[in-house]
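In what follows, a single structure is set out as structure tokens and then discussed.
There are 2 protein chains.
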Amino acid sequence: MNIGLDMMGGDLAPLEAVKGVLQYLNEDSSASVLFLIGDQPKVEQLLDEHKVSRERIQVIHSEQVIDMHEHPTKALKEKQRSSIAIGFHLLATGKIDSFISAGNTGAMLVGALFSIKALEGVLRPTISTIIPRENGNTGLLLDVGLNADCKPEQLNQFAIMGSVYAQLMLDISNPRVGLMNVGEEEGKGNLLAQATYPLLKENKHINFIGNIEGRDVLEDKADVMVCEGFTGNIILKLAESLYEITHRQKIEHEYFERFNFENYGGTPVLGVSKPVIIGHGISKAKAFKNMIKVAQQMIEKDVLGKMKEELK
Amino acid sequence: MNIGLDMMGGDLAPLEAVKGVLQYLNEDSSASVLFLIGDQPKVEQLLDEHKVSRERIQVIHSEQVIDMHEHPTKALKEKQRSSIAIGFHLLATGKIDSFISAGNTGAMLVGALFSIKALEGVLRPTISTIIPRENGNTGLLLDVGLNADCKPEQLNQFAIMGSVYAQLMLDISNPRVGLMNVGEEEGKGNLLAQATYPLLKENKHINFIGNIEGRDVLEDKADVMVCEGFTGNIILKLAESLYEITHRQKIEHEYFERFNFENYGGTPVLGVSKPVIIGHGISKAKAFKNMIKVAQQMIEKDVLGKMKEELK
Numbered sequence: 001m002n003i004g005l006d007m008m009g010g011d012l013a014p015l016e017a018v019k020g021v022l023q024y025l026n027e028d029s030s031a032s033v034l035f036l037i038g039d040q041p042k043v044e045q046l047l048d049e050h051k052v053s054r055e056r057i058q059v060i061h062s063e064q065v066i067d068m069h070e071h072p073t074k075a076l077k078e079k080q081r082s083s084i085a086i087g088f089h090l091l092a093t094g095k096i097d098s099f100i101s102a103g104n105t106g107a108m109l110v111g112a113l114f115s116i117k118a119l120e121g122v123l124r125p126t127i128s129t130i131i132p133r134e135n136g137n138t139g140l141l142l143d144v145g146l147n148a149d150c151k152p153e154q155l156n157q158f159a160i161m162g163s164v165y166a167q168l169m170l171d172i173s174n175p176r177v178g179l180m181n182v183g184e185e186e187g188k189g190n191l192l193a194q195a196t197y198p199l200l201k202e203n204k205h206i207n208f209i210g211n212i213e214g215r216d217v218l219e220d221k222a223d224v225m226v227c228e229g230f231t232g233n234i235i236l237k238l239a240e241s242l243y244e245i246t247h248r249q250k251i252e253h254e255y256f257e258r259f260n261f262e263n264y265g266g267t268p269v270l271g272v273s274k275p276v277i278i279g280h281g282i283s284k285a286k287a288f289k290n291m292i293k294v295a296q297q298m299i300e301k302d303v304l305g306k307m308k309e310e311l312k
Numbered sequence: 001m002n003i004g005l006d007m008m009g010g011d012l013a014p015l016e017a018v019k020g021v022l023q024y025l026n027e028d029s030s031a032s033v034l035f036l037i038g039d040q041p042k043v044e045q046l047l048d049e050h051k052v053s054r055e056r057i058q059v060i061h062s063e064q065v066i067d068m069h070e071h072p073t074k075a076l077k078e079k080q081r082s083s084i085a086i087g088f089h090l091l092a093t094g095k096i097d098s099f100i101s102a103g104n105t106g107a108m109l110v111g112a113l114f115s116i117k118a119l120e121g122v123l124r125p126t127i128s129t130i131i132p133r134e135n136g137n138t139g140l141l142l143d144v145g146l147n148a149d150c151k152p153e154q155l156n157q158f159a160i161m162g163s164v165y166a167q168l169m170l171d172i173s174n175p176r177v178g179l180m181n182v183g184e185e186e187g188k189g190n191l192l193a194q195a196t197y198p199l200l201k202e203n204k205h206i207n208f209i210g211n212i213e214g215r216d217v218l219e220d221k222a223d224v225m226v227c228e229g230f231t232g233n234i235i236l237k238l239a240e241s242l243y244e245i246t247h248r249q250k251i252e253h254e255y256f257e258r259f260n261f262e263n264y265g266g267t268p269v270l271g272v273s274k275p276v277i278i279g280h281g282i283s284k285a286k287a288f289k290n291m292i293k294v295a296q297q298m299i300e301k302d303v304l305g306k307m308k309e310e311l312k
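Going down the list, the protein sequences come from chains G and A. Just so we're aligned, residue 1 is where the first sequence starts under the UniProt record's numbering, counting upward by one. Just so we're aligned, residue 1 is where the second sequence starts under the UniProt record's numbering, counting upward by one.
Now the structure itself:
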């Protein structure tokens, strides 16, 4: 298994990426090979400094970097020698089985959508986030921003993809699917939610438990929470801000510690044919390590293959 | 000034309503008269028990109560002798200048929309919530659930009504208006947000500062945060759950204490011709007192008159 990692992506790259690689290799005993894509002299020097064994490493040189604020489509087109463009080229040609970057999110999404294929039958790929629950469990919220406007059929597919991910990656058997809404009863909500409810109710591939509300997001009510990307993105960023606020206010509590999104190692794009993992710009070593682990598990457990089956 | 209060609305009525009335009268030296609408013998007995002076009180008997789970339209129609129906009758006929209830929210909304007129020119009335900010300030979020689907023109009006409310009731001069969105730049967002941005930008009645994101909700970035009621309701209920979670987890911190929505005394319906205040079902004395105060101030400051002016 070959996992590609963009060494230039993120505010703290390549140093934290190298540290993450080291942590991963120290903990992992699989036969995975890491393809480190970046400024070769810099990366090699850091690997030397940190005494990283080269046994399971290949360094791929890239001359360019797509900055965080560049226009995604334009940058990907014009910077063919950038780490992200090379990563997607390697992924598309089968040299690597998965690609990870904490760089320009837009470029990663554009790459995921246009360099590799969508899973057969998928209307729109999606991105999700882990939501820590007060009782120690974790939930999955999707879509969190890839699809600001959605159709009911798309939300119905998100429910399936989220269920498969929750089952295989979060070890939740028979995950409860809830539809984000403004009331509990069927018939509540905006036009989209009203039209989505019957589809989820009829869907034999998921365990639909009905509508959930804002107060249920942090509670252990539904394992998979489905909404369009506008609402989901606002929830995600609000949840992320809780970690920052509690830190600034010196509120030390185990629960809010779990809002440190570094723990979860990036967001996989679901519904594309190969694992693509997008990290936060501020990713540190732990986040890089966890992203590599997520990629590895997604391949080992054939998460995308299972999604394809369930979407049929 | 005559303020009507539903004594039967809310889980803890009429006892907590009576206690709230007492607190209000002890603190307030205006000439306002409270019209207490409820089961007269019960209310009178509680007023006696709590030694509430009758000088500024009129008790209006109601034989029926609309329960929390009744269908709003049906209940209002069939229970003409209920405290909520009588309250709206008194409001519509000018016997009272404002009406408050912590009872069936749906019935209160239906009453506000159909018993009294909308303000001239208002496309859709709206409801808002106070959002406590980390730096001690307060923001206003609207709509929080009255309008699950919105048109850009409606959001544009919410921005005006929210600005007037923030100015007069929250003492924020020249309130900054932000459009809830998934990115900062103009052009981001779902179709609604994209179409709303230019309207807000052109709107001379407000101080538009651009898009805001989920991470800005609890930050002091915009004083008035505008969105449709689907997203707003989910944010509201998520924020409310923070108070419950921090309490359960025994996290004692001044900031999360401010998420106790009892402090803010209910939600006024904005865009109707007279102040209607809707309280939480779990309202206690302090919430009732604060709702009466909000009603009083809305009348004294002619908040709705100012809205009418700005909406022209």
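The C-beta atom is built at its ideal place from N, Cα and C for all residues, glycine as well.
Of the residues assessed, I282 of chain G falls on the exposed side of the cut-off, its CB having fewer than 16 other CB atoms within 10 angstroms. The beta-carbon of F230 of chain A is placed less than 7 Å from the nearest beta-carbon of chain G.
Under the DSSP definition of a beta bridge, H61 of chain A partners with A:G38. When Cβ pairs closer than 8 Å are counted between the two stretches, the segment 108-122 of chain G is seen to touch the segment 271-282 of chain G, the count reaching three or more. Listed in chain order, the non-local C-beta contacts of E219 of chain A below 7 Å within the same chain comprise R133 and E134, local neighbours out to five positions each way being set aside.
Here A118 of chain A carries a strand assignment [DSSP, helix/strand/coil]. Approximately 5 Å separates the beta-carbon atoms of G87 of chain G and D6 of chain G; this is inside 8 Å, confirming the contact. For the segment 168-191 of chain A, residues whose beta-carbon sits nearer than 7 Å to a beta-carbon of chain G comprise M180, V182, G189, N190 and L191. Beta-bridge partners assigned by DSSP to I100 of chain A: A:L5 and A:I277. A distance below 6 Å between beta-carbons, with the five flanking residues on each side excluded, links L155 of chain G to the following residues of its chain, in chain order: T196 and V226.
Distance between I3 of chain G and K237 of chain A, taken at the CA atoms: about 41 Å.
Linking S62 of chain G to D149 of chain A through their CA atoms gives a straight-line distance of about 47 Å.
In this structure, DSSP gives V144 of chain G a state outside helix and strand, which the three-state scheme calls coil.
Across the structure, K293 of chain A and Y24 of chain A are spaced so that their CA atoms are roughly 7 Å apart. For a Cβ distance threshold of 8 Å, residue set V182, E213 and G214 of chain A lies close to N233 of chain G, ordered along the chain. For S29 of chain A, no Cβ of chain G is located within less than 7 Å of the residue's own Cβ.
Annotation for P72 of chain G: the continuous alpha helix (DSSP H) segment containing it runs P72 to E78. Taking each of G:K201, G:H69 and G:I131 in turn and checking the Cα distance to T105 of chain G, the smallest one comes out for G:H69.
Residue-level contact by beta carbon fails for A285 of chain G and chain A, as no gap is shorter than 7 Å. Taking the beta carbon of D149 of chain G as reference, the chain A residues within 8 Å of it are N190 and L191, listed in sequence order. In the structure shown, the three-state DSSP call for N26 of chain G is helix.
Under the DSSP assignment, M225 of chain A falls outside any alpha helix (DSSP H), being part of the beta strand (DSSP E) whose first and last residues are V224 to V226. For A285 of chain G, the closest of G:L76, G:S101 and G:R54 by C-alpha to C-alpha distance is G:S101. Chain-order list of chain A residues neighbouring K237 of chain G: V182, E213, G214, R215, D216 and V217, by C-beta distance under 9 Å.
In this structure, A287 of chain A sits near E262 of chain A, with a CB-CB distance shorter than 7 Å. For S128 of chain A, the enclosing beta strand (DSSP E) starts and ends at T126 to P132. For V177 of chain G, the enclosing beta strand (DSSP E) stretches over residues R176 to M180. Among the bridge pairs identified by DSSP, L90 of chain G is matched with none. Using a CB distance cut-off of 7 Å, Q154 of chain A does not count as an interface residue toward chain G. Residue range E254 to E257 is occupied by the alpha helix (DSSP H) that includes F256 of chain G, with no beta strand (DSSP E) assigned at that position. The count of Cβ pairs closer than 8 Å, one atom from the segment 300-311 of chain A and one from the segment 161-177 of chain A, reaches three, so the stretches are in contact. The segment 200-220 of chain G and the segment 177-187 of chain G touch, with no fewer than 3 CB-CB distances between them shorter than 8 Å. The secondary-structure analysis by DSSP pairs L270 of chain A across a beta bridge with A:T126.
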